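S.K.: Numbering (my numbering), first residue to last: 45 to 529. Please find one structure pasted underneath; my questions will follow.
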């Protein structure tokens, strides 16, 4: 089927949230994603923070949608079976001069409808966070954490369960309109749609330029992160943020506990030319560690097990501060909705953005609710099971007893189930982001070879076709030696 009522360009968290919201209605929807899986860009490479809404100017779209989105996560977590933890957040002042900024943030938060904000003295903070020293801190109890890739995958897979089509490794390279119908050219052929939603993140300007001259620029801003080993999870209980740097339009290097028990350090903020450059640098890693150690003096130097980076989609350049979200119809092409400059708090705002976009769509076509809409149920991981539950599972299927990833305690069955996902994603990263194989201390040093064998044996994949994470990221380029004839 190549004719749809709604075509969504981009399988990040915003595109997937819109797809899932639309899947509640009798409407034909397709999502085009250039990567080999959803959440292949900024939607996986962020802090996983559910923001409260204290940082955005009152009445801005960022503030309104962040606060709305924050309140939607408890129900979403229940319906989609992805993890959420309400850790709360401290924004710390190192000295008396920074207290004025805490008061400003508190005032902004109150105007935005953020509840139960409180400024605590340093000794009060010390009782809750023994390893943190500060003059005082703003406490935000409504801030939380989630797994950004699990959330995005849950949105996408639930959308598919309810009839949405996802086309991975499908890049949109042409767009025009004739007789009220959009023609969408891709590397997999041409598709038709009545409505186009441009949720392509860093590529939003490229998509807009296919139909009109953009009135904005994109300023890619790279943020690098360090990941601490789970053994150091005891160091903090909540998120620890510095007073934000106004000039950069970012929140600064912070410490964030993750759902799985690691601690994230970062992100940095570096404006770059190449929006695809997600490299990590030794210089920035040292800088991140140094800044984090000022906040957390007991930070262990040998605790880092990984580093990664993500690219913020900024429509304001360095020194211009924060720019607001833009959610608007194309100037020249009716029924094309562009989402421009969706950066932080985009993850938090995504369900509220989806509601808003679907509201715009309802003014174009008649949306009839489905009677058989399905929610998503997640199976308990082997690592989460009791000894008795594990014994029962192994009794039923011996493959539950074969541990593939030792660090994260992931079994052969879980690898197979991850590769059997309904999106059709078949990369090593698709496995990692669904069951955590390869995310532990050895970062895949032990389990990679076993996952590759499962791909060959259980899914008939040829070893030369196995990819790491993206369309051209082939793992194996040839043999080190020829087999004997």
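All C-beta atoms, glycine included, are put in the ideal place defined by N, C-alpha and C. Quantities reported herein were computed from a predicted structural model and do not represent experimental measurements.
Considering residue 286, what are the terminal residues of the beta strand (DSSP E) in which it resides?
M.R.: Stepping through the chain shown from its first residue, residue 286 is reached at position 242. Residue 286 -> beta strand (DSSP E) spans 283-286.
S.K.: Report back the beta-carbon spacing between residue 180 and residue 53 to the nearest angstrom; my notes put them in contact at under 8 Å.
M.R.: For the purposes of this step, residue 180 is taken as residue 136 along the chain shown, with counting starting at 1. For the purposes of this step, residue 53 is taken as residue 9 along the chain shown, with counting starting at 1. The pair is not a contact, with the Cβ atoms about 46 Å apart (cut-off 8 Å).
S.K.: Within the continuous beta strand (DSSP E) that includes residue 269, where are the two ends?
M.R.: Within the chain shown, the letter at position 225 stands for residue 269. Element bounds for residue 269: 263-272.
S.K.: Under 8 Å, with one C-beta from each stretch per pair, do the stretch 103-122 and the stretch 227-239 reach the 3-pair mark?
M.R.: Too few Cβ pairs lie closer than 8 Å, so no.
S.K.: Please give the ranges of any beta strand (DSSP E) in the stretch 369-410, keeping only runs that are unbroken, at least 3 residues long and fully inside the region.
M.R.: Complete beta strand (DSSP E) runs here, min 3: 370-373, 380-384.
S.K.: Contact check, residue 200 vs residue 82 under 8 Å by CB: the rounded distance?
M.R.: The residue labelled residue 200 in the question sits at position 156 within the chain shown. The residue labelled residue 82 in the question sits at position 38 within the chain shown. That pair is a contact at about 4 Å.
S.K.: For the stretch 172-248, list the alpha helix (DSSP H) runs that are entirely contained and at least 4 residues long, ordered along the chain.
M.R.: 192-205, all fully within the stretch 172-248.
S.K.: Which first and last residues belong to the alpha helix (DSSP H) in which residue 475 is found?
M.R.: The residue you call residue 475 lines up with position 431 of the chain shown. Residue 475 -> alpha helix (DSSP H) spans 472-479.
S.K.: For residue 268, count neighbouring C-beta atoms within 10 Å of its own C-beta (all shown protein chains included) and say buried if the count is 16 or more, exposed if not.
M.R.: In the chain shown, residue 268 corresponds to position 224, counting from 1. When all chains shown are included, residue 268 counts as buried.
S.K.: For residue 251, verify whether its CB is less than 7 Å away from any heavy atom of the ligand MG.
M.R.: Among the components of this structure there are no ligands whatsoever, and the ligand MG is therefore not found.
S.K.: For the alpha helix (DSSP H) that residue 118 lies in, which residues bound it at each end?
M.R.: Position 74 of the chain shown, counting from 1, holds the residue named residue 118. Residues 105-124.
S.K.: What separation, rounded to the nearest whole angstrom, lies between the Cα atoms of residue 477 and residue 350?
M.R.: In the chain shown, counting from the first residue as 1, residue 477 sits at position 433. In the chain shown, counting from the first residue as 1, residue 350 sits at position 306. Between residue 477 and residue 350, the C-alpha separation is close to 15 Å.
S.K.: Give the C-beta separation of residue 459 and residue 495 to the nearest angstrom, bearing in mind that I take them to be a contact with Cβ-Cβ under 8 Å.
M.R.: Walking along the chain shown from the start, residue 459 turns up at place 415. Walking along the chain shown from the start, residue 495 turns up at place 451. Confirmed, about 6 Å.
S.K.: With residue 363 as the anchor, note down where its alpha helix (DSSP H) starts and where it stops.
M.R.: Here residue 363 corresponds to residue number 319 of the chain shown, with the count starting at 1. No alpha helix (DSSP H) contains residue 363, which DSSP labels as neither H nor E.
S.K.: Going by beta carbon distance, what residues of the same chain come within less than 6 Å of residue 555, once the five residues before and after it are set aside?
M.R.: Any question about residue 555 goes unanswered here, given that the chain covers just 45 to 529.
S.K.: Looking only at its chain, what residues have a beta carbon closer than 8 Å to the beta carbon of residue 74, apart from the 5 residues adjacent to it on each side?
M.R.: The residue you call residue 74 lines up with position 30 of the chain shown. Within the same chain, residue 74 has close Cβ partners 48, 50, 51, 52, 208, 209, 210, 211, 235, 237.
S.K.: Terminal residues of the continuous beta strand (DSSP E) containing residue 298?
M.R.: If you number the chain shown from 1, residue 298 lands on position 254. Counting along the chain, the beta strand (DSSP E) containing residue 298 begins and ends at 298-301.
S.K.: Hey, how far is the Cα of residue 196 from the Cα of residue 203?
M.R.: As a position in the chain shown, residue 196 is number 152, starting the count at 1. As a position in the chain shown, residue 203 is number 159, starting the count at 1. Distance between the alpha carbons of residue 196 and residue 203: 11 Å.
S.K.: Tell me whether the stretch 276-285 and the stretch 299-317 touch, counting them as touching only if at least three CB pairs, one residue from each stretch, are closer than 8 Å.
M.R.: Short answer: they touch.
S.K.: Go ahead and pull the three-state DSSP assignment for residue 431.
M.R.: In the chain shown, residue 431 corresponds to position 387, counting from 1. Residue 431 falls in the helix class under three-state DSSP.
S.K.: By alpha-carbon positions, which one of 390, 318, 271 ends up nearest to residue 348?
M.R.: Residue 348 sits at position 304 when you count from the first residue of the chain shown. Comparing Cα positions, the closest option is 271.
S.K.: Can you tell me which of the three DSSP states residue 350 falls into?
M.R.: Numbered from its first residue, the chain shown carries residue 350 at position 306. The answer is strand: DSSP assigns residue 350 an E or B state.
S.K.: From the DSSP output, in three-state form, read off residue 51 for me.
M.R.: Sequence index remark: in the chain shown, residue 51 carries index 7 (1-based). Strand.
S.K.: Does residue 122 come within less than 8 Å of chain D when only Cβ atoms are used?
M.R.: Given the protein chain composition of this structure (a single chain), no chain D is represented.
S.K.: Based on the DSSP output, what are the partners of residue 356 in its beta bridges?
M.R.: Translated into the one-based positions of the chain shown, residue 356 becomes position 312. Partner(s): 265.
S.K.: State the beta-bridge partners of residue 560 as determined by DSSP.
M.R.: Outside the shown range of the chain, which is 45 to 529, sits residue 560, and nothing can be said about it.
S.K.: Quick one: what does DSSP say residue 60 is sitting in, helix, strand or coil?
M.R.: Looking up residue 60 in the chain shown gives position 16. Residue state, collapsed to three classes: helix.
S.K.: Please specify which runs of the beta strand (DSSP E), each continuous and at least 3 residues long, are wholly inside the stretch 444-518, giving them in chain order.
M.R.: Entirely contained in the stretch 444-518, the beta strand (DSSP E) runs reaching 3 residues are, in chain order, 447-449.
S.K.: Put residue 143 into one of helix, strand or coil per three-state DSSP.
M.R.: Your numbering for residue 143 matches position 99 in the chain shown. Residue 143 falls in the helix class under three-state DSSP.
S.K.: Can you give the Cα-Cα distance for residue 80 and residue 503, rounded to whole angstroms?
M.R.: By one-based count along the chain shown, residue 80 stands at place 36. By one-based count along the chain shown, residue 503 stands at place 459. If you take the alpha carbons of residue 80 and residue 503, they lie about 17 Å apart.
S.K.: Would a C-beta distance cut-off of 8 Å place residue 128 and residue 94 closer than the cut-off?
M.R.: Start at 1 with the first residue of the chain shown, and residue 128 comes out as number 84. Start at 1 with the first residue of the chain shown, and residue 94 comes out as number 50. Closer than 8 Å, so yes.
S.K.: Quick one: what's got a C-beta closer than 8 Å to residue 233's C-beta in the same chain, skipping five residues either side?
M.R.: Numbered from its first residue, the chain shown carries residue 233 at position 189. 46, listed in sequence order.
S.K.: Between which residues of its own chain and residue 84 is the CB-CB distance below 6 Å, once the five residues before and five after are set aside?
M.R.: Locating residue 84 in the chain shown gives position 40, counting from the first residue. Correct list: empty, nothing qualifies.
S.K.: Note down, in chain order, each residue of its chain lying with its Cβ closer than 6 Å to the Cβ of residue 286, except the 5 sequence neighbours on either side.
M.R.: Position 242 of the chain shown holds residue 286. Correct list, in chain order: 296.
S.K.: Can you give me the start and stop residues for the alpha helix (DSSP H) that residue 339 sits inside?
M.R.: Looking up residue 339 in the chain shown gives position 295. 326-339 is the extent of the alpha helix (DSSP H) around residue 339.
S.K.: Helix, strand or coil for residue 295, going by three-state DSSP, please let me know.
M.R.: Stepping through the chain shown from its first residue, residue 295 is reached at position 251. Residue 295: coil per DSSP, three-state reduction.
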